[in-house]
Ligand code: F6R
């Protein structure tokens with residue numbers, strides 16, 4: 016079932032997104048959260064930090080699994096997704112850092128790291144929620160449009176478009192890694208709830224394509240239409256073409 020919620024402001028989107036996650040933690044203190052990086056979830060993470068500071072929710076027993084990480088940079092690099100998560104969420108809440116998981120983009124054997132990451136998630140159990148942003152080309156995680164998509168965690172070549180979009184965080188485009196390690200679409204679709212959050216007019220076309228267009232590997236987010244419990248949170252700009 017797809018539940019599309021459209022709000023006037025990004026602030027409202029952030030509040031609703033955070034309350035969906037908070038409610039999961041309240042109902043299940045040892046919830047398993049699938050998390051994302053990028054600009055989209057930052058406001059949601061801020062709300063979760065505030066809720067934790069106010070004593071409304073605790074992350075003490077929560078475990079997290081991030082979608083993806085760049086290949087070739089380690090967790091201490093200021094553009095790594097591990098660093099992003101520490102800075103935007105983990106360092107400010109009462110989570111046990113040992114229970115936070117991000118694929119290791121510096122693993123010597125990357126194939127083994129993919130297998131290990133999937134096994135780690137499988138052993139933990141079903142993710143209670145997977146938070147997702149949406150790429151302009153329809154990517155989710157780093158599952159880029161392609162003829163074939165991979166089910167499990169795997170290594171991907173980043174689309175030029177994606178490297179360009181992320182170049183703003185690096186000193187130059189040449190420094191943007193060319194590969195990433197990402198959960199696969201099956202891993203994502205296995206979560207009990209998928210929470211897709213999209214903001215901004217620049218994503219209005221791809222939102223429409225992903226939610227109303229044909230289900231195709233050329234728009235990986237369109238596969239979310241198959242999920243039994245998909246919640247889509249949009250600001251009015253991102254939802255303007257639906
Ligand atoms: C991030 C991720 C990406 C982003 C997407 C949107 O972990 O997997 O799929 O969600 O690129 O990025 P923003 O939110 O920066 O527009």
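In my numbering, the protein residues as written are 16 to 257.
From the three backbone atoms N, C-alpha and C, an ideal C-beta is built for every residue, glycine too.
Next on the checklist: Tell me which residue opens and which closes the beta strand (DSSP E) that residue 257 is part of.
Outcome noted: Locating residue 257 in the chain shown gives position 242, counting from the first residue. Counting along the chain, residue 257 falls outside any beta strand (DSSP E), and DSSP gives it neither H nor E.
Next on the checklist: If I measure Cβ to Cβ from residue 84 and keep anything under 6 Å in the same chain, skipping five residues before and after, which residues do I get?
Outcome noted: Position 69 of the chain shown, counted from the start, is the residue given in the question as residue 84. 96, 117, 118, 120 and 196.
Checklist entry - Can you tell me whether DSSP reads residue 217 as helix, strand or coil? => result Here residue 217 is taken as the residue at index 202 of the chain shown, counted from 1. In this structure, residue 217 counts as helix in the three-state DSSP scheme.
Next on the checklist: Closest to residue 192 by C-alpha separation, out of 73, 200, 181 and 108, would be which residue?
Outcome noted: As a first step, residue 192 must be located in the chain shown, where it is residue number 177. Selected option, being the one with the closest Cα: 181.
Next on the checklist: Checking 8 Å against the spacing of the C-beta atoms, do residue 255 and residue 224 come in under that value?
Outcome noted: In the chain shown, the residue the question calls residue 255 occupies position 240. In the chain shown, the residue the question calls residue 224 occupies position 209. Cβ atoms of residue 255 and residue 224: not closer than 8 Å.
Checklist entry - Just to check, is the beta-carbon of residue 105 closer than 7 Å to a non-hydrogen atom of ligand 1? => result The residue given as residue 105 occupies position 90 in the chain shown. Flag unset: Cβ of residue 105 not near ligand 1.
Checklist entry - Mapping DSSP to helix, strand and coil, what is residue 177? => result Along the chain shown, read from residue 1 onward, the residue named residue 177 stands at position 162. Look at residue 177 here: in three-state DSSP terms it is helix.
Item to check | At least 3 beta-carbon pairs within less than 8 Å: the segment 234 to 249 vs the segment 137 to 157 | outcome: yes
Checklist entry - For residue 139, which option in 151, 174 and 79 has the closest C-alpha, if you only look at C-alpha atoms? => result For the purposes of this step, residue 139 is taken as residue 124 along the chain shown, with counting starting at 1. Comparing Cα positions, the closest option is 79.
Checklist entry - Near residue 160, which residues of its chain fall below 8 Å by C-beta distance, leaving aside the five closest residues on each side in sequence? => result Mapped onto the chain shown, residue 160 falls at position 145. Contacts found: 152, 153, 154, 174, 232, 233, 234 and 235.
Next on the checklist: What does the alpha-carbon distance come out to for the pair residue 189 and residue 169?
Outcome noted: If you number the chain shown from 1, residue 189 lands on position 174. If you number the chain shown from 1, residue 169 lands on position 154. So the two alpha carbons sit approximately 23 Å from each other.
Checklist entry - Tell me, which residues are paired with residue 103 by DSSP? => result Your numbering for residue 103 matches position 88 in the chain shown. DSSP, once it has assigned bridges, lists no residue as partnering residue 103.
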